[in-house]
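Everything below concerns the one structure shown next.
In our numbering, the protein residues as written are 19 to 431.
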C-alpha cells in the first residue's frame, strides 16, 4: 500500500500536476517578482548581521536584531491577518511592499552616511517585521486568488522552491557586495527589487473570489466567531499548527548545526556552509514532490510527513560521521519542506474564506514566528548540555507531538 502510494507520486501525471500553477501567466510573473524580492531580503539580512558585528555587537545583539523582525509575526499574527480578511490582498501587499522598500532605503542612507547604530538596526528591523507580518498571509492568499483552489497545492510547493532559491541567491549576492563594496549596497538592492512586485501587483487581473464556504458542509464553520476559536476547536487545524511549530524548530538549523560542526567534528565555516547546501539541496526536491499528491492534501499525509521529519532530525543528531550528517540534513530538508508545503495547503484549503487571513496569521505565528522562542530554547539546551542532544530533543518532541495529534489528524480523512 505504502509503496503503491509512493509510486503514484512519480507518474507522469503526478509530476505534471506539480507544475500546473506555472501554466497561469500572472502566477509566473508573480513568482519571478517574489524570487527577486526574496533574494533582496536574504541579502539584506546577511548585511544586517554583518553590520551588527562591525558595530561591535555580540551574539546577544545579533539575536535581538533578528528577534525584532520575527516578534510582530509572533505577537500580532492573527490580528494583522484580520486586515487581510477585511481588505484587498493586492492593497495590503502594495502597502507592505512600499513599507519594506522605505525601510531598506533608510538602512542604505544611514549606512552610506556612516551614522548607523545597533539600536537603529533593531528599530528598522522591527518596522520591517510589522510589514512582514501582514505581507506573509496576504501573499499566500493572493496566490489562491490568482491560481484558484484546484492549483493551490502546486502553487504552495512552487512558493517553497522560490523561498529556497532566494536563500541561495541572496547570500551569494550579499557576499559579493560585502567583498567588493559596502553593506549599504545590499540595502539598495533590497529596495530596488520591490519595484517588480509593485508593477506586477498593479497589473494583475484577479479572478473574482468565489466563496468556497457556501457548501452545506462548511456552514458550521461560518458560525465560528473568530479565528482563535476555529483553530482551537478544530482538532486537525490545531494539530497541524502545533506540528508547524515543530517544523520551525527542525528547519532552523542555524541554531545548533554550527555548534555540532565545531564541537563534535572540529570543522569550520566551510563545513557548515557545505551542510547548509546539503540541507537546501534536499529541500528543493521535497518542495517539488510535495505538489505531486492530490489537489486537496490529506491530514494523514500531514502526520506521516511530520513523523518522517522527526526521524530525519534524530538520525542527523546521532550521526557519528560527517557523511552521515550530510545525508541526514539533506533528508531533513526534503521532509521538512514536504511537510510545510502540504500542511500549509491543508490549513488554507480547509479554513472558511471569511477567516482565512487570520488563520494564516496563526500559521505565520507558528512558522516562522515561533523560531524566536524555539531558537532560544534549543540554543540554551545546546549550551547547557550537548548540541547533538539539543537537536535530538527537537526530533523527540516532534515525535511526541505527532503521537499526541495522531487521532486528530486521522479523524478528518
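Each residue gets a CB set at the ideal place from its N, CA and C atoms; glycine is no exception.
On a predicted model such as this, the values are computed, not experimentally measured, just so you know.
- An exposed status is given to residue 133, since fewer than 16 other beta-carbon atoms sit within 10 Å of its beta-carbon.
- In the structure shown, residue 135 falls within a coil segment according to DSSP collapsed to helix, strand and coil.
- With contacts defined by Cβ atoms closer than 8 Å, residue 151 and residue 402 do not form a contacting pair.
- Only exposed fits residue 224, as fewer than 16 other CB atoms lie within 10 angstroms of its CB.
- In this structure, DSSP gives residue 339 a state outside helix and strand, which the three-state scheme calls coil.
- Assignment of alpha helix (DSSP H) within the region 334-420, counting only whole runs of 4 or more residues, yields 340-367, 374-382 and 389-402 in chain order.
- Inclusion of residue 147 and residue 66 in the CB contact set at 8 Å is not warranted, their separation being larger than that value.
- With the rule of 3 Cβ pairs closer than 8 Å, the region 291-300 does not count as touching the region 418-428.
- Put simply, the backbone Cα of residue 332 is about 30 Å away from that of residue 56.
- The Cβ atoms of residue 63 and residue 212 lie no closer than 8 Å to each other.
- Pairing residue 209 with residue 59, the inter-Cα distance amounts to about 9 Å.
- Judged by DSSP in its simplified three-state form, residue 73 adopts coil rather than helix or strand.
- Here residue 303 has 352 as same chain residues with Cβ atoms under 8 Å from its own Cβ, once five neighbours each way along the sequence are excluded.
- Around residue 266, the same chain offers 384, 385, 386, 388, 389 and 392 as residues with beta carbons nearer than 7 Å, after the five sequence neighbours per side are excluded.
- Assignment of beta strand (DSSP E) within the region 260-284, counting only whole runs of 3 or more residues, yields no such run.
- Excluding its 5 nearest sequence neighbours in each direction, residue 399 has C-beta neighbours in its own chain below 8 Å: 407, 408 and 411, listed in chain order.
- Residue environment: residue 169 is assigned as buried (16 or more neighbouring CB atoms within 10 Å of its CB, all protein chains considered).
- Straight-line measurement puts the Cα of residue 341 at about 45 Å from the Cα of residue 116.
- For residue 348, same chain residues with a beta-carbon under 8 Å away, outside a window of 5 residues either side, are 296, 297, 299 and 300 in chain order.
- With fewer than 16 other Cβ atoms from the protein chains shown falling within 10 Å of its own Cβ, residue 272 counts as exposed.
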